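Engineer: Numbering (this note's numbering), first residue to last: 124 to 652. Glycine included, C-beta positions come from ideal geometry on N, C-alpha and C. These numbers come from a predicted model, not from an experiment.
(1) In angstroms, rounded to a whole number, what distance separates the CA positions of residue 109 and residue 300?
(2) If the criterion is Cβ atoms closer than 8 Å, does the pair residue 332 and residue 304 meet it?
(3) If you draw a straight line from the C-alpha of residue 637 to the C-alpha of residue 294, how long is it?
(4) For the ligand MN, I want to know if residue 464 counts as a neighbour, meaning its beta carbon is within less than 7 Å of at least one of the ligand's heavy atoms.
(5) Quick one: Cα of residue 205 to Cα of residue 291, how far?
(6) Does the distance from the CB of residue 618 to the CB of residue 603 come in under 8 Å?
(7) For residue 367, which three-state DSSP category applies?
(8) Please go through the same chain and pick out, in chain order, the residues whose beta-carbon is closer than 8 Å to the beta-carbon of residue 363, but skip the five residues on each side of it.
(9) Measuring straight from C-alpha to C-alpha, what distance separates residue 490 and residue 570?
(10) DSSP puts residue 395 in a beta bridge; with which residues?
(11) Taking its Cβ as the centre, do 16 or more other Cβ atoms sit within 10 Å of residue 288, making it buried, or is it exposed?
(12) Roughly how many whole angstroms lie between the Cα atoms of residue 522 and residue 377?
(13) Using 10 angstroms around the beta-carbon of residue 385, count the other beta-carbons present and answer buried if the total reaches 16, otherwise exposed.
(14) Mind checking who residue 295 pairs with in its DSSP beta bridge?
(15) Do residue 208 and residue 422 have their CB atoms nearer than 8 Å?
(16) Looking only at its chain, what residues have a beta carbon closer than 7 Å to the beta carbon of residue 251, apart from the 5 residues adjacent to it on each side?
(17) Cutting at 7 Å between CB atoms, please list the residues of its own chain near residue 461, excluding the five before and the five after it.
(18) Identify the continuous alpha helix (DSSP H) that holds residue 187 and give its terminal residues.
(19) Below 6 Å CB to CB, which residues in the same chain sit around residue 643 once its five sequence neighbours on both sides are set aside?
(20) How would you write the range of the beta strand (DSSP E) that residue 616 sits in, first residue to last?
(21) Unbroken alpha helix (DSSP H) runs of length 4 or more, entirely within the region 536 to 621: which are they?
(22) Measuring alpha carbon to alpha carbon, tell me which residue in 328, 622, 595 is nearest residue 314.
(23) Entirely within the region 372 to 442 and at least 4 residues each: give me those alpha helix (DSSP H) ranges in chain order.
(24) Which of helix, strand or coil does DSSP assign to residue 160?
(25) Closer than 7 Å by C-beta to residue 253: which residues in its own chain qualify, once you throw out the five before and the five after it? Chain order, please.
(26) Secondary structure at residue 289, three-state DSSP: helix, strand or coil?
(27) How far does the beta strand (DSSP E) with residue 96 in it reach, from first residue to last?
(28) Work out the CA separation of residue 335 and residue 585 for me, nearest whole Å.
(29) Whether or not the region 175 to 194 and the region 585 to 597 are in contact is what I'm after, with contact meaning three or more pairs of Cβ atoms, one per stretch, closer than 8 Å; do they touch?
(30) Report yes or no: do three or more beta-carbon pairs, one from the region 389 to 398 and one from the region 556 to 571, lie closer than 8 Å?
(31) Out of curiosity, what's the CA-to-CA distance linking residue 519 and residue 578?
(32) Using the Cα positions of residue 441 and residue 551, report the straight-line distance between them to the nearest angstrom.
(33) Going by beta carbon distance, what residues of the same chain come within less than 7 Å of residue 296, once the five residues before and after it are set aside?
(34) Near residue 598, what residues of its chain come up, given a Cβ to Cβ distance below 7 Å and the 5 sequence neighbours on each side ignored?
(35) Per DSSP, what are the beta-bridge partners of residue 198 in this structure?
(36) Counting along the chain, where does the alpha helix (DSSP H) carrying residue 479 start and finish?
Structure, rendered in structure tokens:
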């Protein structure tokens, strides 16, 4: 589905009230003619175009930004929107707070628009119409998951309403929204196929709906349902891990059996700019906007599975990247690594080269730079990549299954097998976990595995919120690599002017955007805001 065929463009309305209240001029024909919903909904092609229009609202580069407001990432440039969120110095008027709210409800509006109108189409192909409904309901659930994960209680809008109603609508309790998401995904999965023909690659499948159901119930703490939904995905027999973790984020591995849900791009047609946005400054990049931290790098164990803090691990502080979990180098560029241009990544202060810390305001401030999605294939045109963004992959499904079972204290061989499959990929090769680990030890192990396996894929903020660990891991300064002076003294890079604050009574939820609250005082506000 790379080309999205013909599509319907939603106008860029800025607020929830305008998004859910506007009913006119929603659709645009190709190439130019405006038409109304009264004459549009006639054919299966109309429905296909309408469902295709929802997909562009899926997340892309903006997911990386959210890693920059966690302990494993840093918002590298002070003028970037997430910088204040990372430091805890933001309020309800902050641009990112509004942007996420608007983006979520734009996608919901488009899904509702299809679901409100699709039954006007007269056709005997009820299975296809059912599929389109399943796609729209799954995507709508995806948007609601992110909204409730960020804001807690949010308005639950399942049909497009008037502007007047939009100005008095209230927020729905988080628990009710989670129940809606679960029901939607259960029913959508029954409408969707396991796979599609090549021309429709990228569409939501049964496995995607079930995997999102597993994620949603893990986030909401409904571990029994989370484990069962993850097991359904496993039992489909459709998905498997790509043997080489290092090839996951490349054009050659797009649509692999590990990908459960992604956002599709196409070089020269529908592109994304992750490389230019996130890559090392020397690589024709506009700046390393969000960079890994020492906290993340130190989490990756040694190749023997032991933590670098274990005195028996073999960790060498003067050669800190030797014999580490290979996923570290697949995730981040490290000092001395070759770059797509052919030069070496040299971020150490005073070391010379284009990536040296402090050389420009766009250089990495931690000495690390993201490697995921910064593919050498895109070096010639780093701002116009056709590489798909993976939004959910099979490794997450396995770790969700394991985590849910651990929380239920239903620990058996399937739990170890799920985690060990992720750890023992061909090019990762970590030892299997010891079968004697307790529930507490396994909880720590699966959380660590999730953090490093899925680092900078956009979902860690939601993890530290649901684990209630953000109040512990977030406050304080941000550190980067360690280097040695000519006299042999170690120096740990400290990012200047960053001192993160996190209040447990306030920061586990973002505030309702001020613009929304001004338009509709009935929305209320989250505690502490």
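Structural biologist: Quick answer:
(1) Absent from the model: residue 109. The displayed extent of the chain is 124 to 652, so no value can be given.
(2) Against the chain shown, residue 332 aligns to sequence position 209. Against the chain shown, residue 304 aligns to sequence position 181. The answer is no: Cβ separation not under 8 Å.
(3) Counting from one through the chain shown, the residue named residue 637 turns up at place 514. Counting from one through the chain shown, the residue named residue 294 turns up at place 171. Looking at the two C-alpha atoms, the distance is approximately 15 Å.
(4) The ligand MN is not part of this structure, which contains no ligands at all.
(5) As a working mapping, residue 205 is identified with position 82 in the chain shown. As a working mapping, residue 291 is identified with position 168 in the chain shown. Our two residues, residue 205 and residue 291, have alpha carbons roughly 30 Å apart in a direct line.
(6) Residue numbering aside, residue 618 sits at position 495 when the chain shown is read from its first letter. Residue numbering aside, residue 603 sits at position 480 when the chain shown is read from its first letter. Yes, the pair counts as a contact, with Cβ atoms nearer than the cut-off.
(7) Residue 367 sits at position 244 when you count from the first residue of the chain shown. Coil, per DSSP.
(8) Numbered from 1 along the chain shown, position 240 holds the residue referred to as residue 363. Beyond the five residues adjoining it in sequence on each side, residue 363 comes within less than 8 Å, by CB distance, of 380, 381, 517 in the same chain, given in chain order.
(9) Indexing the chain shown from 1 puts residue 490 at position 367. Indexing the chain shown from 1 puts residue 570 at position 447. Their backbone Cα atoms lie some 25 Å apart in a straight line.
(10) Along the chain shown, one-based indexing puts residue 395 at 272. DSSP lists 508 as partners of residue 395.
(11) Translated into the one-based positions of the chain shown, residue 288 becomes position 165. By the C-beta density criterion, residue 288 is exposed, having fewer than 16 other C-beta atoms within 10 angstroms.
(12) For the purposes of this step, residue 522 is taken as residue 399 along the chain shown, with counting starting at 1. For the purposes of this step, residue 377 is taken as residue 254 along the chain shown, with counting starting at 1. Rounded to the nearest angstrom, the two C-alpha atoms are 21 Å apart.
(13) Your numbering for residue 385 matches position 262 in the chain shown. Under this definition residue 385 is a buried residue.
(14) In the chain shown, counting from the first residue as 1, residue 295 sits at position 172. In the DSSP assignment, residue 295 forms a beta bridge with 277.
(15) The sequence position of residue 208 within the chain shown is 85, counting from 1. The sequence position of residue 422 within the chain shown is 299, counting from 1. The answer is no: Cβ separation not under 8 Å.
(16) Taking the chain shown and counting its residues from 1, the one referred to as residue 251 is at position 128. Once the five neighbours on either side are set aside, the close Cβ partners of residue 251 are 167.
(17) For the purposes of this step, residue 461 is identified with residue 338 of the chain shown, where counting begins at 1. Closer than 7 Å at the Cβ level, and outside the excluded window around residue 461, lie 467.
(18) Numbered from its first residue, the chain shown carries residue 187 at position 64. Residues 184 to 190.
(19) Translated into positions along the chain shown, residue 643 becomes position 520. The residues are 290.
(20) Counting from 1 along the chain shown, the entry for residue 616 is found at position 493. Run containing residue 616: 613 to 617, per the beta strand (DSSP E) assignment.
(21) As far as the region 536 to 621 is concerned, its whole alpha helix (DSSP H) runs of at least 4 residues are 536 to 546, 562 to 576, 583 to 589, 593 to 596.
(22) As a working mapping, residue 314 is identified with position 191 in the chain shown. Taking only the C-alpha atoms, the option nearest residue 314 is 328.
(23) Counting only runs of at least 4 residues, the region 372 to 442 fully encloses the following alpha helix (DSSP H) elements, listed from N- to C-terminal order: 397 to 401, 417 to 422.
(24) Working through the chain shown from its first residue, we reach residue 160 at position 37. Helix.
(25) Position 130 of the chain shown, counted from the start, is the residue given in the question as residue 253. Taken in chain order, the residues that qualify are 314.
(26) As a first step, residue 289 is located in the chain shown; it is residue number 166 there, counting from the start. DSSP, read as helix, strand or coil, puts residue 289 in helix.
(27) Since the displayed the chain opens at 124 and closes at 652, residue 96 lies outside it and no answer follows.
(28) For the purposes of this step, residue 585 is identified with residue 462 of the chain shown, where counting begins at 1. For the purposes of this step, residue 335 is identified with residue 212 of the chain shown, where counting begins at 1. Cα to Cα, residue 585 sits roughly 14 Å from residue 335.
(29) Of all C-beta pairs linking the region 585 to 597 to the region 175 to 194, three or more are shorter than 8 Å, placing the two stretches in contact.
(30) Judged by pairs of C-beta atoms under 8 Å, the region 389 to 398 does not touch the region 556 to 571, as fewer than three such pairs exist.
(31) By one-based count along the chain shown, residue 519 stands at place 396. By one-based count along the chain shown, residue 578 stands at place 455. Here the alpha carbons of residue 578 and residue 519 stand approximately 11 Å from one another.
(32) The residue labelled residue 441 in the question sits at position 318 within the chain shown. The residue labelled residue 551 in the question sits at position 428 within the chain shown. Roughly 23 Å separates the two Cα atoms.
(33) In the chain shown, the residue the question calls residue 296 occupies position 173. Cβ contact annotation for residue 296 (same chain, cutoff 7 Å, sequence separation greater than five): 276, in chain order.
(34) As a first step, residue 598 must be located in the chain shown, where it is residue number 475. Taking C-beta separations shorter than 7 Å and ignoring five residues to either side along the sequence, the partners of residue 598 in its chain run 623, 624, 625, following chain order.
(35) One-based indexing of the chain shown puts residue 198 at position 75. 413.
(36) Within the chain shown, numbered from 1, the residue matching residue 479 stands at position 356. Residue 479 -> no alpha helix (DSSP H), and no H or E assigned at all.
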